[in-house]
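Novice: This structure is in structure tokens; I'll ask about it shortly.
Protein chains: 2
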Amino acid sequence: MKNVHCDNYHIFFKNLANPLKIGIIASLKEKPSSVNELSEKLGVEQSKLSHSLANLRFCSLVNSKQVGKKRVYSLNKKTILPILRIIDKHRQADCAGCKLK
Amino acid sequence: MKNVHCDNYHIFFKNLANPLKIGIIASLKEKPSSVNELSEKLGVEQSKLSHSLANLRFCSLVNSKQVGKKRVYSLNKKTILPILRIIDKHRQADCAGCKLK
DNA sequence: TATTCATATGAACCTATAAACATATGAAAA
DNA sequence: TTTTCATATGTTTATAGGTTCATATGAATA
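For the protein sequence lines, the chains are A and B, in the order given. Take the first sequence: its position 39, counted from the start at 1, is 39 in my numbering, and no numbers get skipped. Positions in the second sequence are counted from 1; adding 1000 to them yields my numbering.
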């Protein structure tokens, strides 16, 4: 089922404007994971992750599929990786002097 | 002077996660403008714009130059236009059924 | 160098979003 | 068919960020 809403740019970007969600994205970039796996890896409580993942799903930034009892989330790489690449480039070009983490 | 800070992804994206700032970006995409010009065009109070513009400048999403008494802001198109293009593509591919504005 | 125009800054308030915690749902195995 | 594991959802509280308004700074002209 694909009929999600991505109303407007700023709704989409709210997902990227949040450290936890960026953490989730970074983790899913490495490999698809269940909620509990993310919870252990990131040291974050389960319901917090579920709430965040619901937002990410809402704008199709992640996909999920049921695997036994677990639900495995994966990243929509086609959209996200190019964006991250642009940001990295931006930081090198225009933020030369700043404290990158 | 270019030594601004763009600490982290989410700080950068906060600028895009805000309708007013998206409005500013959309307007500057058309043409560079002073604060007062933006104020009239967008129907938004001056100090509100100055605050927003300060954030946008902080992450080098806009540039500014003094022209007489006015300060003219312009868009960092090199970074922003590619991002907007990705989002548009994303909305067509993955948000086929949603209410686009 | 006082005055005006243009923008920036500060601080208090307000609101939207995230955190926290309890509870519900759902899937599979006993 | 109930028990357990895994995730989602609802509600309250806390907090970050935006708005507002008053004031400060800065650039140019008289």
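Glycine is no exception: its CB is placed at the ideal position from the N, C-alpha and C atoms.
Distance cutoff 8 Å, beta carbons only. Does N55/A sit that close to anything in chain B?
Specialist: For this step, residue 55/A is matched to residue 55 along the first sequence. For N55/A, the answer is no, since every Cβ of chain B falls outside 8 Å of its Cβ.
Novice: Could you check how far apart the C-beta atoms of S1027/B and S1033/B are, in whole angstroms? I think they sit under 8 Å.
Specialist: As a first step, residue 1027/B is located in the second sequence; it is residue number 27 there, counting from the start. As a first step, residue 1033/B is located in the second sequence; it is residue number 33 there, counting from the start. The pair is a contact, with the Cβ atoms about 7 Å apart (cut-off 8 Å).
Novice: Relative to the C-alpha of L81/A, which candidate in K41/A, S64/A, I22/A, H10/A has its C-alpha closest?
Specialist: For the purposes of this step, residue 81/A is taken as the residue at position 81 of the first sequence. Nearest C-alpha to L81/A: I22/A.
Novice: Is it buried or exposed, D88/A, if we count other Cβ atoms within 10 angstroms and call 16 or more buried?
Specialist: Taking the first sequence and counting its residues from 1, the one referred to as residue 88/A is at position 88. Here D88/A is exposed. Its C-beta has fewer than 16 other C-beta atoms within 10 Å.
Novice: Against chain A, which members of the region 1040-1073 of chain B pass a CB distance test of less than 8 Å?
Specialist: Of all residues in the region 1040-1073 of chain B, the ones placed with a Cβ closer than 8 Å to any Cβ belonging to chain A are C1059, S1060, in chain order.
Novice: Which of the three DSSP states, helix, strand or coil, is assigned to L1084/B?
Specialist: Here residue 1084/B corresponds to residue number 84 of the second sequence, with the count starting at 1. Three-state result, L1084/B: helix.
Novice: Report yes or no: do three or more beta-carbon pairs, one from the region 1035-1045 of chain B and one from the region 1061-1078 of chain B, lie closer than 8 Å?
Specialist: yes
Novice: Look at the alpha carbon of I1025/B and the alpha carbon of K41/A, and state the distance between them as a whole number of angstroms.
Specialist: By 1-based counting over the second sequence, the position of residue 1025/B is 25. By 1-based counting over the first sequence, the position of residue 41/A is 41. Approximately 37 Å between the Cα atoms of the pair.
Novice: Reducing DSSP to helix, strand and coil, say where V35/A ends up.
Specialist: One-based indexing of the first sequence puts residue 35/A at position 35. Note: V35/A maps to helix in three-state DSSP.
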